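Quick note, the sequence shown lines up with residues 1179 to 1290 if you use the numbering used here. What follows is a set of notes on a single structure, which appears directly below.
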Amino acid sequence: MILKMIQSILTAEDGVSKDSSATDSRATATNIDPPFDLVHEALKRDAKSLNGLVSVGQPVVERKKLKERVKERVKRSLLPDFDTEEITEEVTERIMDAAEYDSHYRSVFDDK
């Protein structure tokens, strides 16, 4: 069945059905759009919504990666006496706020 569908799509270049009844003088040609067009249109709509999700989600992912790099460096830099979770989070958040608006801070924590 799939083979017949593929053959009908490949042989019907002009969009007119060409089966054995088309040779009969009483038969009329009908316009049949290949099912590929329906699938293509549905996938196009899905792709638009996914691209929108990617454009919204990508900055969040980048911010999360940057935050992990900043947190790792902050933990290595703090003295053992001050190495608590609250202090690490506070310092990380302050550096993240500065890195959002200043490219110098962002470049310090970028992967090389």
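Even glycine gets a Cβ: it sits at the ideal position worked out from N, Cα and C. This structure is a prediction, so every number in the text was calculated from the model and none was measured.
Exposure of residue i, with buried meaning 16 or more beta-carbon neighbours within 10 Å
i, result
"T1270", "buried"
"I1180", "exposed"
"V1248", "buried"
"I1273", "buried"
Test item: CB-CB of residue i and residue j under 9 Å
i, j, result
"L1244", "A1277", "yes"
Residues near residue i in its chain [Cβ-Cβ closer than 7 Å; skip 5 each side]
i, result
"A1310", "Residue coverage of the chain in this structure runs from 1179 to 1290, which leaves residue 1310 outside it and unanswerable."
Rounded Cβ spacing between residue i and residue j (contact assumed at less than 8 Å)
i, j, result
"V1252", "T1266", "6 Å"
Residues near residue i in its chain [Cβ-Cβ closer than 8 Å; skip 5 each side]
i, result
"Q1236", "none"
"L1221", "none"
"Y1283", "I1273, A1276 and A1277"
"V1232", "none"
Neighbourhood of residue i by C-beta distance below 6 Å, restricted to the same chain and skipping five residues each side
i, result
"I1184", "none"
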